[in-house]
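Engineer:
2 protein chains.
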Amino acid sequence: MKKLPSPHRPRSIAPIPYVEGVDYDVMDELVGYSLRRAQVAMYLAFHEATRGLGITPPRFTALVLVGANPGITQSLLGEALGMARSNAKTLADWMETAGLAERRARVDDGRAWGLHLTPRGARLVERMKKRVLAEDRRRSARLGAADRAKLLALLRKLAG
Amino acid sequence: MKKLPSPHRPRSIAPIPYVEGVDYDVMDELVGYSLRRAQVAMYLAFHEATRGLGITPPRFTALVLVGANPGITQSLLGEALGMARSNAKTLADWMETAGLAERRARVDDGRAWGLHLTPRGARLVERMKKRVLAEDRRRSARLGAADRAKLLALLRKLAG
DNA sequence: GGCCGATTGTAATGGCCTATAACAATCACC
DNA sequence: GGTGATTGTTATAGGCCATTACAATCGGCC
Numbered sequence: 000m001k002k003l004p005s006p007h008r009p010r011s012i013a014p015i016p017y018v019e020g021v022d023y024d025v026m027d028e029l030v031g032y033s034l035r036r037a038q039v040a041m042y043l044a045f046h047e048a049t050r051g052l053g054i055t056p057p058r059f060t061a062l063v064l065v066g067a068n069p070g071i072t073q074s075l076l077g078e079a080l081g082m083a084r085s086n087a088k089t090l091a092d093w094m095e096t097a098g099l100a101e102r103r104a105r106v107d108d109g110r111a112w113g114l115h116l117t118p119r120g121a122r123l124v125e126r127m128k129k130r131v132l133a134e135d136r137r138r139s140a141r142l143g144a145a146d147r148a149k150l151l152a153l154l155r156k157l158a159g
Numbered sequence: 000m001k002k003l004p005s006p007h008r009p010r011s012i013a014p015i016p017y018v019e020g021v022d023y024d025v026m027d028e029l030v031g032y033s034l035r036r037a038q039v040a041m042y043l044a045f046h047e048a049t050r051g052l053g054i055t056p057p058r059f060t061a062l063v064l065v066g067a068n069p070g071i072t073q074s075l076l077g078e079a080l081g082m083a084r085s086n087a088k089t090l091a092d093w094m095e096t097a098g099l100a101e102r103r104a105r106v107d108d109g110r111a112w113g114l115h116l117t118p119r120g121a122r123l124v125e126r127m128k129k130r131v132l133a134e135d136r137r138r139s140a141r142l143g144a145a146d147r148a149k150l151l152a153l154l155r156k157l158a159g
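Just so you know, the protein sequences line up as chains A and B, in that order.
Here the first sequence stands for residues 0 to 159, where the numbers follow numbering that gives the first Met the number 0.
Here the second sequence stands for residues 0 to 159, where the numbers follow numbering that gives the first Met the number 0.
1) I'd like to know if the region 104-121 of chain B and the region 145-159 of chain A are in contact, where contact means that at least 3 CB-CB pairs between them fall below 8 Å.
2) Quick check on DSSP: helix, strand or coil for L153 (chain B)?
3) DSSP on G31 (chain A), reduced to helix/strand/coil?
4) Tell me whether the beta-carbon of A61 (chain B) lies closer than 8 Å to the beta-carbon of M94 (chain B).
5) Provide the residue span of the alpha helix (DSSP H) that contains L75 (chain B), from first to last.
6) Residues in the same chain with beta-carbon distance under 8 Å from Y17 (chain B), minus the five sequence neighbours each way, listed in chain order, please.
7) I'd like to check one pair, V39 (chain A) with I15 (chain A): are the Cβ atoms closer than 8 Å?
8) Could you tell me which of A:R130, A:D146, A:A145 sits nearest to F45 (chain A), measuring between CA atoms?
9) In chain B, which residues lie less than 8 Å from M41 (chain A) when you measure between Cβ atoms?
10) In whole angstroms, what is the alpha-carbon distance linking R147 (chain A) and D108 (chain A)?
11) May I ask which residues mark the beginning and end of the alpha helix (DSSP H) holding L132 (chain B)?
12) In chain B, which residues lie less than 7 Å from N68 (chain A) when you measure between Cβ atoms?
13) Classify L43 (chain B) as helix, strand or coil using the three-state DSSP reduction.
14) Determine which residues share a DSSP beta bridge with W112 (chain B) and list them.
15) Measuring only the C-alpha atoms, how far is L132 (chain A) from E125 (chain A)?
16) Using only alpha-carbon positions, find the residue among A:A13, A:R58, A:P69 that is nearest to T96 (chain A).
17) Would you verify that the beta carbon of P118 (chain A) is, or is not, closer than 8 Å to some beta carbon of chain B?
18) For the alpha helix (DSSP H) that E19 (chain B) lies in, which residues bound it at each end?
19) Helix or strand or just coil, what does DSSP make of G66 (chain B)?
20) Spatial neighbours of S74 (chain A) within its chain, please: C-beta separation below 6 Å, excluding the five flanking residues on both sides.
21) Taking G198 (chain B) as the reference, which of A:T49, A:V30, A:G31, A:P56 has the closest Cα?
22) Grouping DSSP H, G and I as helix and E and B as strand, with all else coil, what is R58 (chain A)?
23) What is the DSSP secondary structure of A37 (chain A), reduced to helix, strand or coil?
24) Is there a Cβ from chain A that is less than 8 Å from the Cβ of P4 (chain B)?
25) What residues in the region 49-82 of chain A bring their beta carbon closer than 8 Å to a beta carbon of chain B?
26) For L64 (chain B), which of B:A140, B:V21, B:K149, B:K128 has the nearest alpha-carbon?
27) Let me confirm a value: D135 (chain B) is counted as buried when at least 16 other C-beta atoms fall within 10 Å, else exposed. Which label applies?
28) Buried or exposed: A140 (chain A), going by 16 or more other Cβ atoms within 10 Å of its Cβ?
29) If I measure Cβ to Cβ from E101 (chain A) and keep anything under 7 Å in the same chain, skipping five residues before and after, which residues do I get?
30) In its own chain, which residues sit with a C-beta less than 8 Å from the C-beta of L26 (chain A), not counting the 5 before and 5 after it?
31) To the nearest angstrom, how far is it from the Cα of E78 (chain A) to the Cα of G20 (chain A)?
32) Please report the straight-line C-alpha distance between V106 (chain A) and L99 (chain A), rounded to a whole angstrom.
33) Closest to L142 (chain A) by C-alpha separation, out of B:A152, B:R137, B:L142, would be which residue?
34) Tell me whether A87 (chain B) is buried or exposed, calling it buried when 16 or more other Cβ atoms sit within 10 Å of its Cβ.
35) Quick one, which of B:R36, B:L29, B:E28 has its alpha-carbon nearest I12 (chain B)'s?
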């Protein structure tokens with residue numbers, strides 16, 4: 000089994016602390032900053048679920064999207080991820096190098112590649128989806144089920 | 000008046016779209032991913048409020064913290080920002096180069112610098128705080144005041 | 001059928017964010 | 001006074017993301 004590219008230390012491993020004696024001024028009134036803090040905290044869940052796999056959040060999202068949309072184009076993947084085509088290519092290169100996905104020529108369009116998970120990629124994605132979801136629930140369990148749902152609704156409204 | 004370092008294009012300017020026909024699979028059940036989407040959306044507020052100033056979220060936070068904690072140490076700043084000392088130094092270098100803050104020797108500790116806003120930095124921070132807060136409120140106004148407060152509470156609980 | 005604008009992938013470039021490791025100067029404490 | 005911890009610094013590295021420019025291809029229109 001081919002080894003995945005090295006993990007690298009993807010992001011900070013600890014939540015952003017509230018340092019004793021430091022005045023945070025206006026920061027805590029900002030939804031944007033509060034989102035950032037919460038996101039760093041939730042990243043711990045992601046990190047826990049994917050440790051040692053060399054997976055990062057964008058890579059995970061890309062793999063999930065390729066899995067759920069076989070044959071998806073790099074351009075469309077980039078659009079769905081909210082990034083430029085050129086960066087979606089970088090992700091596709093990574094997926095291919097890691098042996099998790101492959102590019103197949105499309106009969107309907109000579110310009111575009113269709114991205115498909117390899118069997119190994121599909122297995123990995125299935126396993127990761129379960130683990131990431133489980134850790135995400137575990138970390139957010141402190142809110143309680145009702146508030147967790149409420150939070151998701153509020154975030155959706157904010158992002159929409 | 001010295002010119003600030005060039006803006007650079009800090010981050011995506013548009014929210015992450017839900018692309019028609021793309022299956023997002025498990026992503027929307029994840030609090031982590033929903034946070035990411037909301038954060039990108041709220042970044043628009045930040046971008047609007049600081050356009051053309053070469054300010055990024057970490058830079059803004061650093062400036063606010065230095066303003067609210069005059070004489071703060073680089074190490075402490077880094078800790079409060081949740082980043083390594085070495086990166087706090089990079090921020091301090093930037094602030095100094097931009098003429099927004101200065102390092103002063105500390106009588107109580109020969110190793111450490113004390114960071115202080117310059118008069119110009121203080122003026123800029125005051126103006127930015129007002130604008131960032133206003134835009135943040137404006138963007139999150141779609142939630143309504145009650146739900147905005149609820150969201151902040153949930154995020155705090157999640158991050159804590 | 002042929003031209004032209006739009007789209008796709010690619011390549012090159014550059015900036016920011018963030019982490020680690022190693023080092024010298026200084027501090028704190030025994 | 002010596003030893004371990006802390007501070008700032010420097011070097012290094014990787015990921016994320018945007019822009020620009022280019023060739024190949026597609027699509028539509030004349």
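All C-beta atoms in this analysis are idealised placements derived from N, C-alpha and C, irrespective of residue type, glycine included.
Structural biologist: In short:
1) no
2) For this step, residue 153 (chain B) is matched to residue 154 along the second sequence. Reduced to three states, the DSSP call for L153 (chain B) is helix.
3) Looking up residue 31 (chain A) in the first sequence gives position 32. Helix, per DSSP.
4) Here residue 61 (chain B) refers to the residue found at position 62 of the second sequence. Here residue 94 (chain B) refers to the residue found at position 95 of the second sequence. A contact, by the Cβ cut-off of 8 Å.
5) Here residue 75 (chain B) refers to the residue found at position 76 of the second sequence. Element bounds for L75 (chain B): 73-80.
6) By one-based count along the second sequence, residue 17 (chain B) stands at place 18. The answer, listed in chain order, is Y23.
7) Sequence index remark: in the first sequence, residue 15 (chain A) carries index 16 (1-based). Sequence index remark: in the first sequence, residue 39 (chain A) carries index 40 (1-based). Contact: yes.
8) Counting from 1 along the first sequence, the entry for residue 45 (chain A) is found at position 46. Nearest option by C-alpha distance: A:R130.
9) The residue given as residue 41 (chain A) occupies position 42 in the first sequence. Those are V30, G31, L34, L157, listed as they occur along chain B.
10) Sequence index remark: in the first sequence, residue 147 (chain A) carries index 148 (1-based). Sequence index remark: in the first sequence, residue 108 (chain A) carries index 109 (1-based). Looking at the two C-alpha atoms, the distance is approximately 43 Å.
11) Sequence index remark: in the second sequence, residue 132 (chain B) carries index 133 (1-based). Counting along the chain, the alpha helix (DSSP H) containing L132 (chain B) begins and ends at 118-139.
12) In the first sequence, the residue the question calls residue 68 (chain A) occupies position 69. Those are V21, D22, listed as they occur along chain B.
13) On the second sequence, residue 43 (chain B) is found 44 positions in, with the first residue counted as 1. Of the three classes helix, strand and coil, the one that applies to L43 (chain B) here is helix, per DSSP.
14) Residue numbering aside, residue 112 (chain B) sits at position 113 when the second sequence is read from its first letter. Beta-bridge pairing links W112 (chain B) to B:A104.
15) As a position in the first sequence, residue 132 (chain A) is number 133, starting the count at 1. As a position in the first sequence, residue 125 (chain A) is number 126, starting the count at 1. Each residue's alpha carbon lies about 11 Å from the other.
16) The residue you call residue 96 (chain A) lines up with position 97 of the first sequence. T96 (chain A) has its Cα closest to that of A:R58, out of A:A13, A:R58, A:P69.
17) For the purposes of this step, residue 118 (chain A) is taken as residue 119 along the first sequence, with counting starting at 1. No, because no Cβ of chain B sits closer than 8 Å to the Cβ of P118 (chain A).
18) As a position in the second sequence, residue 19 (chain B) is number 20, starting the count at 1. Counting along the chain, E19 (chain B) falls outside any alpha helix (DSSP H), and DSSP gives it neither H nor E.
19) One-based indexing of the second sequence puts residue 66 (chain B) at position 67. Residue state, collapsed to three classes: helix.
20) Locating residue 74 (chain A) in the first sequence gives position 75, counting from the first residue. The answer, listed in chain order, is R84.
21) Residue 198 (chain B) lies beyond the residue range present for chain B, which begins at 0 and ends at 159; the question has no answer from this structure.
22) Stepping through the first sequence from its first residue, residue 58 (chain A) is reached at position 59. In the structure shown, R58 (chain A) sits in a helix (DSSP, three-state: H, G or I).
23) Translated into positions along the first sequence, residue 37 (chain A) becomes position 38. Helix at A37 (chain A).
24) Walking along the second sequence from the start, residue 4 (chain B) turns up at place 5. Note that P4 (chain B) scores a pLDDT of 46, beneath 50, so its modelled location is shaky and nothing firm can be said.
25) P56, T60, V63, L64, G66, A67, N68, I71, L75, E78, A79, L80, G81, M82
26) Here residue 64 (chain B) corresponds to residue number 65 of the second sequence, with the count starting at 1. Among B:A140, B:V21, B:K149, B:K128, the Cα nearest to that of L64 (chain B) is on B:K128.
27) Along the second sequence, one-based indexing puts residue 135 (chain B) at 136. D135 (chain B) comes out buried.
28) Counting from 1 along the first sequence, the entry for residue 140 (chain A) is found at position 141. Classification of A140 (chain A): exposed, given that the 10 Å Cβ count is below 16.
29) Looking up residue 101 (chain A) in the first sequence gives position 102. Around E101 (chain A): E95, H115, T117.
30) As a working mapping, residue 26 (chain A) is identified with position 27 in the first sequence. Position check: residue 26 (chain A) holds Met in this sequence, whereas Leu was assumed. Around M26 (chain A): Y32.
31) Walking along the first sequence from the start, residue 78 (chain A) turns up at place 79. Walking along the first sequence from the start, residue 20 (chain A) turns up at place 21. Whole-angstrom Cα-Cα distance: 43 Å.
32) Sequence index remark: in the first sequence, residue 106 (chain A) carries index 107 (1-based). Sequence index remark: in the first sequence, residue 99 (chain A) carries index 100 (1-based). V106 (chain A) and L99 (chain A): Cα-Cα distance of roughly 22 Å.
33) Here residue 142 (chain A) refers to the residue found at position 143 of the first sequence. Closest by alpha carbon: B:A152.
34) The residue given as residue 87 (chain B) occupies position 88 in the second sequence. Buried is the call here.
35) Along the second sequence, read from residue 1 onward, the residue named residue 12 (chain B) stands at position 13. The shortest Cα separation from I12 (chain B) among B:R36, B:L29, B:E28 belongs to B:R36.
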